[in-house]
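Asks:
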Amino acid sequence: MARRDLVAAGAAVLLVTAAVLVGRHIQDTRHTLFVRWPPLFATWDPHVGPGTPAALLLAAG
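Heads up, the sequence shown is in this note's numbering, so the first residue is 8 and it goes up one at a time.
#1: Any idea what DSSP makes of Val55, helix, strand or coil?
#2: Might you give, ordered along the chain, the residues of its own chain that have their beta carbon closer than 7 Å to the beta carbon of Asp52, omitting 5 neighbours on each side?
#3: Mapping the DSSP letters down to three states, classify Leu22 as helix, strand or coil.
#4: Between the beta-carbon of Leu40 and the beta-carbon of Gly30, is there less than 8 Å?
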């Protein structure tokens, strides 16, 4: 059973690595990927909006 877990974890690592490398290659050569969320191409921009009170209550609880 543990061997299957290791194979699955290794396959997941390879899949994520391939996705990152392909995405970086496309962005570096064609500049067509415009994702605005973390972790790859985003910027940190904290703000206050209508959901702020609910977020603070959820974080405090």
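C-beta atoms are modelled at their ideal positions from N, C-alpha and C, and glycine is treated no differently.
Predicted, not measured: the structure shown is a model, and the values here were computed from it.
Replies: Looking at the coordinates:
#1: coil
#2: none
#3: helix
#4: yes
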